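Chains as they are written, first to last, in the numbering used here: chain A, 4 to 330; chain B, -14 to 36.
All C-beta atoms, glycine included, are put in the ideal place defined by N, C-alpha and C.
Predicted model only: the values in this text are computed from it and were never measured.
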C-alpha cells in the first residue's frame, strides 16, 4: 500500500488576490484612466458626475480585462523575458484559463454597464478598444510584424475618445486629435524602451523593431515619429481645444522630444556591445551599449504625454476659474 | 523539504484573501448598479412633467 502523500497545492490554490489584481496591469490602467478622464472633461456636456465616474470605472475595468486577456495568451513569451517572467501566469501562480476567464468577465461587465448606464457609442468604442488590443494586437500583430506596436497602439490611444463619447454622446474631431497624439506617441515611446530590452524580445521571438530592422533603423524611425508628433501635439492649441498653457507645454515638450530623439539618432543606443572576454558574466541588459539616450527619451516621452493631457485638464476643468486666474 | 501544514496554511490564507476580494467586488457591483439606478431615475424625474 502506498503511503499517504501530502495534499498537493496547486498553483491557483496559492494565488493571492494581488496576483489577480496584477493581471489587470494597474500601471497601464492608470494612464488609460488619466487620458480617458481628460477626454471626458474636454467634452464638457452635462453628464451626471456619478455617471461620469461610472464611465471612467468601465474604461478602467475594460482596460484591465483586455490586459488579463493579453496575459493569458502571452504567458509563453512572458516566461522567456526577464522583464515579464515574474508575472502571475508565467510564474505559475495563476492558471492561464483563470486569467482568460477574468479577462472575458471584466470585458463583458465593462461594456455591458457602459451600454446600459452611459450610451451605446461609448460602449461600442470601448468594446472595439478591448477587441483591438486582445485580438488584433495580442493574437495577430505582436508575434508577426515589427509594426505590432504601431498598429496595436490604436487600442491604447482610444480611451480619450471613449471618455469624450461617454460625456457627450458623440466623438468630434478634437477627440480624435487626442487619439492621434497618443497613437503617434506610442512608437517612439516603446521603441526607446525596446532599444535597451531587445535582447529580451529576441529571446522570446517577438519581432520588435530593433530585433528585425536593427537599432540604427529604429533610432531613425523614432526621430521620424518625434518630428510628426511635435507639430501634432501643438494642433489642439489651434482647434479651440487647448489654450495658452497647453500651447506653451506642447511647444516646449515638442522641442524637448525632438532634441532627445535627435540625440538618440546620433548615439549607439541598442547597438551590440563589443565581445566580452571569456569568463566574464553579464546580465541581459548589460550588453546594450550606450543606453542612456534611449532611457532618457523613454522617460521624457512619458512626461511629455502626461504634461499635454494635464495642461488640457487644467484649462478645461475650471480649475483656473476656481483659482481666480481666468474669468 | 517544505512542511505540508505550512503550505496548507498559506493556501488557506490566500483563499481567504481571494474570497474577500470577490466579496468586495460583488458588493461594489451592487452599489454601482444601485447608484446608476438612482442617477438615471433622478435624471428622468427631472425631465418629466408630472403636473
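For residue 51/A, the closest Cβ of chain B is nearer than 8 Å. Per DSSP, the unbroken alpha helix (DSSP H) holding residue 21/A starts and ends at 20 to 25. Residue 79/A counts as exposed, since fewer than 16 other beta carbons sit within 10 angstroms of its beta carbon. When DSSP assignments are scanned along the segment 95 to 156 of chain A, the uninterrupted stretches of alpha helix (DSSP H) that are 4 or more residues long and fall wholly within it turn out to be 99 to 116 and 123 to 134.
It is roughly 11 Å from the alpha-carbon of residue 226/A to the alpha-carbon of residue 192/A. The DSSP assignment places 151 to 160, 162 to 171, 176 to 198 and 201 to 207 as complete runs of the alpha helix (DSSP H) inside the segment 151 to 209 of chain A, in order along the chain (cut-off: 4 residues). Taken residue by residue, none of the segment 126 to 144 of chain A has a beta-carbon sitting less than 8 Å from a beta-carbon on chain B. In the structure shown, residue 275/A adopts extended strand secondary structure according to DSSP, grouped into three states.
Secondary structure at residue 236/A: helix, using DSSP grouped into helix, strand and coil. Of the other Cβ atoms in all chains shown, fewer than 16 fall within 10 Å of the Cβ of residue 27/B; this residue is therefore exposed.
Only those residues of the segment 17 to 49 of chain A whose C-beta falls short of 9 Å from the nearest C-beta of chain B are listed: 17, 18, 19, 20, 21, 22, 23 and 24. The three-state secondary structure of residue 93/A, taken from DSSP, is coil. Take residue 172/A, set aside five residues on each side of it, and the residues of its chain with a beta-carbon closer than 7 Å to its own are 122 and 124, in chain order. Pairing residue 65/A with residue 113/A gives a Cβ-Cβ distance under 8 Å. A straight-line Cα-Cα distance of about 21 Å links residue 309/A and residue 176/A.
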